[in-house]
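Right, one structure below, let's go through it.
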Amino acid sequence: MWPIVLFMLVGAPQPRPAVSPAASSCVRCHLQLDGALLEPARLFEHDVHFKQGLSCNGCHGGDPTVGVDSGGPGDAMNRARGYIGKPPRKKIAALCSSCHSSLDFMRRYNPQARVDQYAEYLTSIHGKKYAAGDPNVATCTDCHGIHGILEVASPNSPVHATNVASTCARCHADPKRMQAYGIPTNQFELYGRSVHGEALMKNNDLGAPTCNDCHGNHGAAPPGVDSVANVCGQCHTVQWDLFNKSPHKKAFAEGNLPACATCHENHDIRRTSDTMLGAEEPATCLTCHDKGSKGYAVAAEMKSGIVTLQNRLDAAHQLLERAERAGMEVSGPLYNLSEGRDRLIQARVVVHGFNAADLLKVLEVGDRIAASCKESGNKALDELAYRRKGLAVSVAILLGMIGLLLIKIRQLGK
Amino acid sequence: MNSWISRAGDWLEERLGWRAAQELVQHKEVPIHRHSIWYYFGGMTLFLFGIQVGTGILLLLYYRPSAETAFESVQFIMTEVQFGWLIRSVHSYSANLMVATAFVHMFSTLFLRSFRRPREITWVSGALLLFLSLTFGFTGYLLPWNTLAFFATKVGTDIAGVLPVVGPFLLRFLRGGDEVTGATLTRLFGFHVAVLPAITTVFLGLHLYLVQKHGMSTPMSVDPDAVPKMKFVPQFVLRDLAGWLAAVALLAALAALFPWELGEKADPFAPAPAGIRPEWYFMFMFQTLKYIPARILGIDGEFLGILAFSLLGALLVLTPFVASGQKREGRVDRVVLVGIIVVIYIIVLTTLGYLG
Chain A
1 MWPIVLFMLV GAPQPRPAVS PAASSCVRCH LQLDGALLEP ARLFEHDVHF
51 KQGLSCNGCH GGDPTVGVDS GGPGDAMNRA RGYIGKPPRK KIAALCSSCH
101 SSLDFMRRYN PQARVDQYAE YLTSIHGKKY AAGDPNVATC TDCHGIHGIL
151 EVASPNSPVH ATNVASTCAR CHADPKRMQA YGIPTNQFEL YGRSVHGEAL
201 MKNNDLGAPT CNDCHGNHGA APPGVDSVAN VCGQCHTVQW DLFNKSPHKK
251 AFAEGNLPAC ATCHENHDIR RTSDTMLGAE EPATCLTCHD KGSKGYAVAA
301 EMKSGIVTLQ NRLDAAHQLL ERAERAGMEV SGPLYNLSEG RDRLIQARVV
351 VHGFNAADLL KVLEVGDRIA ASCKESGNKA LDELAYRRKG LAVSVAILLG
401 MIGLLLIKIR QLGK
Chain B
1 MNSWISRAGD WLEERLGWRA AQELVQHKEV PIHRHSIWYY FGGMTLFLFG
51 IQVGTGILLL LYYRPSAETA FESVQFIMTE VQFGWLIRSV HSYSANLMVA
101 TAFVHMFSTL FLRSFRRPRE ITWVSGALLL FLSLTFGFTG YLLPWNTLAF
151 FATKVGTDIA GVLPVVGPFL LRFLRGGDEV TGATLTRLFG FHVAVLPAIT
201 TVFLGLHLYL VQKHGMSTPM SVDPDAVPKM KFVPQFVLRD LAGWLAAVAL
251 LAALAALFPW ELGEKADPFA PAPAGIRPEW YFMFMFQTLK YIPARILGID
301 GEFLGILAFS LLGALLVLTP FVASGQKREG RVDRVVLVGI IVVIYIIVLT
351 TLGYLG
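For the protein sequence lines, the chains are A and B, in the order given. The first sequence begins at 1 in the numbering used here and counts up one residue at a time. The second sequence begins at 1 in the numbering used here and counts up one residue at a time.
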């Protein structure tokens with residue numbers, strides 16, 4: 001109800017102003033002021049709305065054609081001409097939505113623009129509490145900015161992928177603000193340590209997820225236990241497929257456990273290692289599988305297979321490196337060894353099926369490659385030994401011949 | 001048995017007149033004095049050249065001269081062909097050894113003034129043979145088509161392109177185009193196995209003929225009539241052979257203990273690896289060019305450097321005509337002085353090139 005009333009109060013999308021933003025009396029006048037009255041105009045010059053030709057009156061109302069060359073501030077900031085001043089906080093979302101929810105209006109600027117942000121927002125935790133009058137929850141301007149709003153794709157925008165987590169953390173890492181809602185405030189810290197956080201915030205890898213990828217943008221909500229893995233599965237498709245066919249799927253669902261996050265955490269997702277797997281501390285499997293159980297045996301078997309392959313590949317690599325350092329040409333076997341390492345990577349993915357037989361099939365291929373590379377390494381070292389023996393014999397013969405020559409020379413005299 | 005041999009000899013004498021050569025060899029003598037050791041270096045260079053020809057022919061059986069196949073064919077030779085590793089490494093090491101002995105032979109004949117009358121043409125043909133051996137080295141270096149070879153050729157042909165008037169033509173002539181490509185490889189391969197051997201045969205034949213014609217030169221401090229001599233056959237030849245066998249042992253040891261590197265296949269789109277440098281026998285020139293300022297009196301520095309080396313090369317060839325055949329008493333021996341300065345310069349610049 002309220003949103004509709006507010007929409008009607010604020011009005012339909014504003015028509016294009018008669019003057020460009022730079023020529024508007026609002027900007028021209030405010031640029032001559034200082035302090036808090038200068039800031040909005042200064043920031044607005046970098047705003048995406050400014051660049052699209054939209055002026056202050058688009059949100060604040062009033063008349064941008066008067067107030068500098070003719071008339072005064074009172075004429076520009078005239079309530080009779082629609083001036084609303086600083087919009088009240090509880091009206092901000094609807095005000096933004098008055099343009100951003102209208103496809104007719106938005107397609108002028110971007111035919112592909114989404115127009116459902118406000119509708120999504122109202123379904124979110126933020127939106128619901130906002131509609132109920134909570135002034136502490138996020139609304140449009142808290143994330144996107146007020147006067148210096150940049151495109152989402154701009155790296156300086158607070159909602160650019162690399163900045164989203166810090167923007168969410170402004171509130172969600174603040175214990176005082178979050179106290180009223182009873183939710184943890186360590187998510188940003190955990191995310192920052194995670195493999196995703198490192199990839200996105202340190203290495204600028206835009207392929208890595210941030211808050212909105214799992215929680216949603218405008219419809220932000222904590223993913224449900226049964227739905228969070230769907231998010232992981234959007235990128236980690238193979239593991240997700242395997243997990244769905246594994247015995248863990250039913251078992252986790254029955255235990256109301258959140259699939260991937262049960263073993264890998266939700267915010268503090270660390271780089272995986274082989275120590276997570278197996279029947280020895282600190283393996284994650286031991287969290288549920290006690291000694292003697294079937295799961296315990298499978299975990300141990302899978303771990304043992306992977307460790308064995310790793311050791312065989314390392315041994316083959318060392319052998320080949322030794323041969324290479326000695327000058328033997330082993331670039332072919334070294335290249336083939338990388339195929340073995342690919343099998344190891346594949347094995348670590350196949351683990352998510354939690355089926356020892358399937359895993360062993362993959363490991364077998366890797367073992368064959370490791371064995372073949374090891375054989376090549378041994379052959380190279382054998383060849384090296386043969387060459388050195390051959391050299392010793394040849395040099396001995398040559399020195400013998402030189403010796404005989406010297407004797408003959410001495411014999412002949414001058 | 002003996003009569004059979006002598007009858008065969010008579011048969012050949014009637015058709016080839018070979019006994020004249022046999023008599024020349026039997027009567028050839030080598031002077032013995034404190035500088036006799038240097039007499040061995042000419043023969044050693046010839047022997048190493050023979051090794052190059054032999055190993056080169058064997059490599060030709062498997063080498064494929066195109067950008068797509070060259071590297072792989074050398075890899076095949078190193079890994080699959082029986083004793084391919086030995087032949088290839090010997091070919092590479094022997095090339096370097098041959099250039100070294102050629103330099104020693106050149107400097108020893110310079111200091112001992114062996115270029116003086118009537119051996120001027122012997123010297124000229126010898127200087128040209130030295131340049132031919134450097135050209136053999138340059139053209140052969142590209143053939144494995146690995147990263148080092150590719151960029152060394154690029155830099156080397158870039159330098160050739162600096163010369164005015166002929167530079168751009170020379171660069172395109174050497175490269176078979178504007179850039180170093182498979183066309184360059186094919187072209188340099190053709191030079192390396194056909195053109196250069198043909199030219200070398202001519203000058204080597206001339207050089208060896210003249211050495212036999214004029215006999216062994218003696219230093220000016222030695223009286224050629226009074227100096228003790230040893231017979232070429234068998235005394236000198238046996239000593240030569242001992243040296244050659246030692247060279248073979250050295251090459252075998254180098255090939256077995258330090259096989260010549262294969263490297264990585266050349267990638268024309270990759271940047272030049274850091275610290276790229278030419279083979280040691282070009283290093284002193286390369287290093288000199290690095291030290292020359294970009295412009296000297298308005299003229300391009302690199303051009304001046306190449307011009308200077310070209311003039312020095314010409315001077316080397318014309319040494320018998322510009323250097324005095326006489327050692328002036330009481331005055332500094334200019335030939336020895338210039339020679340020592342050049343030797344020291346080469347050693348210092350080569351060392352700096354490797355330290356840098």
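Using N, Cα and C, we set each Cβ at its ideal position, and we do this for glycine too.
Helix, strand or coil at residue i [DSSP, three-state]
i	result
R108 (chain A)	coil
D342 (chain A)	helix
I296 (chain B)	strand
K86 (chain A)	coil
N136 (chain A)	coil
K291 (chain A)	coil
E266 (chain A)	Sequence check: residue 266 (chain A) is Asn here, not Glu. N266 (chain A): coil per DSSP, three-state reduction.
N355 (chain A)	coil
D336 (chain A)	Before going further, note that residue 336 (chain A) is Asn rather than Asp in the sequence given. In the structure shown, N336 (chain A) sits in a helix (DSSP, three-state: H, G or I).
Beta-carbon gap between residue i and residue j smaller than 8 Å
i	j	result
I402 (chain A)	A247 (chain B)	no
V162 (chain B)	L134 (chain B)	no
P273 (chain B)	T147 (chain B)	yes
V180 (chain B)	T201 (chain B)	no
K361 (chain A)	A315 (chain A)	no
V231 (chain A)	C214 (chain A)	yes
T122 (chain B)	H33 (chain B)	no
W240 (chain A)	A251 (chain A)	no
I149 (chain A)	V48 (chain A)	yes
G377 (chain A)	L344 (chain A)	no
G340 (chain A)	A300 (chain A)	no
E321 (chain A)	M78 (chain B)	no
Euclidean distance between Cα positions of residue i and residue j
i	j	result
E39 (chain A)	Y118 (chain A)	27 Å
E29 (chain B)	G356 (chain B)	47 Å
S25 (chain A)	I146 (chain A)	19 Å
A149 (chain B)	T139 (chain B)	10 Å
F47 (chain B)	I87 (chain B)	16 Å
S324 (chain B)	T55 (chain B)	41 Å
A253 (chain B)	Y281 (chain B)	22 Å
Residue i: first and last residue of the uninterrupted beta strand (DSSP E) it sits in
i	result
E29 (chain B)	E29 to P31
V229 (chain B)	Going by the sequence as given, residue 229 (chain B) is Lys instead of Val. Per DSSP, K229 (chain B) belongs to the beta strand (DSSP E) from K229 to K231.
Beta carbon proximity, residue i to chain B, threshold 8 Å
i	result
G327 (chain A)	yes
S293 (chain A)	no
I409 (chain A)	yes
V395 (chain A)	yes
R170 (chain A)	no
R322 (chain A)	no
L405 (chain A)	yes
R387 (chain A)	yes
Alpha helix (DSSP H) segment containing residue i, residue limits
i	result
D205 (chain A)	Taken as a continuous stretch (DSSP letters only), D205 (chain A) belongs to no alpha helix (DSSP H), as it is neither H nor E.
M283 (chain B)	W280 to Y291
H30 (chain A)	S25 to H30
W85 (chain B)	G84 to F111
E189 (chain A)	Q187 to R193
I159 (chain B)	T147 to A160
H160 (chain A)	It is not in any alpha helix (DSSP H) - H160 (chain A) carries neither H nor E in the DSSP assignment.
D240 (chain B)	V237 to L257
M78 (chain B)	A70 to T79
H192 (chain B)	Looking at the DSSP string, H192 (chain B) is not in any alpha helix (DSSP H), and its letter there is neither H nor E.
8 Å Cβ cutoff, residue i in contact with chain A
i	result
P234 (chain B)	yes
M44 (chain B)	no
T79 (chain B)	yes
Q26 (chain B)	no
R31 (chain B)	As written in the sequence, residue 31 (chain B) is Pro, which differs from the Arg given in the question. No, its Cβ sits nowhere closer than 8 Å to a Cβ of chain A.
R175 (chain B)	no
Q75 (chain B)	yes
R239 (chain B)	yes
P259 (chain B)	yes
L312 (chain B)	no
Cutoff 8 Å: residue i Cβ touching any chain D Cβ
i	result
L391 (chain A)	The structure shown contains no chain D; the protein chains it does contain are A and B.
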